[in-house]
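Peer 1: Before we start, here is the structure in question, set down as structure tokens.
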Amino acid sequence: MEKAGSPADASTLIYLAKAEAFELAWKCVGRLAVPPSVWRESVEAGDRKGAVEVARIRLAHESGLVRRVQLSTRTATRAREIAARYLLGSGESEVLALGGRGGRVIVDEGRATRVAESLGLVPVSTLFLPVLGAARGRLGEPSAVELLRRLAGITGARADVTILLERLIRRNSR
Numbered sequence: 336m337e338k339a340g341s342p343a344d345a346s347t348l349i350y351l352a353k354a355e356a357f358e359l360a361w362k363c364v365g366r367l368a369v370p371p372s373v374w375r376e377s378v379e380a381g382d383r384k385g386a387v388e389v390a391r392i393r394l395a396h397e398s399g400l401v402r403r404v405q406l407s408t409r410t411a412t413r414a415r416e417i418a419a420r421y422l423l424g425s426g427e428s429e430v431l432a433l434g435g436r437g438g439r440v441i442v443d444e445g446r447a448t449r450v451a452e453s454l455g456l457v458p459v460s461t462l463f464l465p466v467l468g469a470a471r472g473r474l475g476e477p478s479a480v481e482l483l484r485r486l487a488g489i490t491g492a493r494a495d496v497t498i499l500l501e502r503l504i505r506r507n508s509r
């Protein structure tokens with residue numbers, strides 16, 4: 336399967352939509368790759384609930400910032416194995432199955448993060464995206480700090496974590 340971007344879970348899509356930050360996220364890590372279960376959880380289930388962020392996710396998809404990906408038979412089998420072995424949901428399991436060895440996956444659930452590490456993947460939380468953007472020189476310090484603060488408010492991040500990440504942004508922007 337062709338690499339479609341950084342695999343991302345449903346929480347990531349929802350947080351970025353609420354923060355109106357898909358373009359900034361694209362600057363940080365490029366296009367987000369969304370497997371079928373993540374799309375169902377964030378968009379289709381969101382539609383049924385009347386979630387306002389669904390329109391923003393669809394717009395990000397239409398503009399190419401988010402790409403829906405289909406799983407090969409092999410990847411789908413791997414996702415089911417990950418789900419069964421580690422007791423993860425289908426969305427997180429599909430995201431992890433899409434990540435190649437040493438590849439980055441964007442996940443916000445604690446267990447998925449630990450499983451990603453055990454599988455040799457590099458888990459990145461949505462809240463960490465502004466730090467990556469600043470470190471890569473793709474986001475200036477003011478934009479990275481603003482994105483961090485928006486995401487922190489939406490995710491309910493602890494103040495000490497937000498302060499630490501802001502320090503990393505400022506250090507990486509020098």
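Residue numbering for the sequence shown follows the numbering used here, starting at 336 and increasing by one per position.
For each residue, glycine too, the CB sits at the ideal point set by N, CA and C.
Predicted, not measured: the structure shown is a model, and the values here were computed from it.
1. Are at least three pairs of beta-carbons, each pair with one atom in the region 405–415 and one in the region 346–355, less than 8 Å apart?
2. DSSP on V442, reduced to helix/strand/coil?
3. Ordered along the chain, which non-local residues of its own chain (more than five positions away) have a Cβ less than 6 Å from that of V459?
4. Cutting at 6 Å between CB atoms, please list the residues of its own chain near V450, excluding the five before and the five after it.
5. Can you tell me which of A479, L456, R485 and V430 puts its alpha carbon nearest to the alpha carbon of P342?
6. Out of A432, R471 and V364, which one is the CA nearest neighbour of G455?
7. Going by beta-carbon coordinates alone, are V401 and R366 separated by less than 8 Å?
8. If we count the other Cβ atoms within 10 Å of its Cβ and call it buried at 16 or more, is L467 buried or exposed?
9. Are the CB atoms of L462 and A494 within a distance shorter than 8 Å?
10. Enumerate, from N- to C-terminal direction, the unbroken alpha helix (DSSP H) stretches of 4 or more residues contained entirely within the region 365–451.
11. Going along the chain, which residues of its own chain have a beta-carbon closer than 6 Å to the beta-carbon of G434, five neighbours each way excluded?
12. Which residue from A470, A414, A395 and S346 puts its Cα closest to that of L503?
13. Got a sec, what are the start and stop residues for the alpha helix (DSSP H) S460 sits in?
14. Could you give the DSSP three-state label for S346: helix, strand or coil?
15. I need the DSSP call for S508, collapsed to helix, strand or coil.
16. In angstroms, rounded to a whole number, what distance separates the CA positions of C363 and A419?
17. Count the other C-beta atoms from every protein chain shown that fall within 10 angstroms of the C-beta of I498, then say buried if there are 16 or more, exposed otherwise.
18. For S341, list the residues DSSP reports as bridge partners.
Peer 2: The relevant details are as follows:
1. Verdict: no, contact absent.
2. Look at V442 here: in three-state DSSP terms it is coil, with no helix or strand label.
3. Within the same chain, V459 has close Cβ partners R439 and I441.
4. Answer for V450: Y421, listed in chain order.
5. Taking the Cα of P342 as reference, the smallest distance to any Cα among A479, L456, R485 and V430 is reached at V430.
6. When only C-alpha atoms are compared, the closest one is A432.
7. Yes, they are a contact pair.
8. Classification of L467: buried, given that the 10 Å Cβ count is 16 or more.
9. Note that the C-beta distance between A494 and L462 is not below 8 Å.
10. Annotation: the region 365–451 contains the following complete segments of the alpha helix (DSSP H) (minimum length 4 residues), in chain order: 371–374, 380–384, 388–397, 408–421 and 425–433.
11. Excluding sequence positions up to five before and after G434, its CB lies within less than 6 Å of the CB of P342, V440 and L456, all in the same chain and listed in chain order.
12. Out of A470, A414, A395 and S346, the CA that lies nearest to the CA of L503 is found in A470.
13. Where S460 is concerned, there is no enclosing alpha helix (DSSP H), given that its DSSP letter is neither H nor E.
14. Residue state, collapsed to three classes: helix.
15. In the structure shown, S508 sits in coil (DSSP, three-state: anything other than H, G, I, E or B).
16. Straight-line Cα distance between these residues: approximately 32 Å.
17. Exposed is the call here.
18. Bridge partners of S341: L367.
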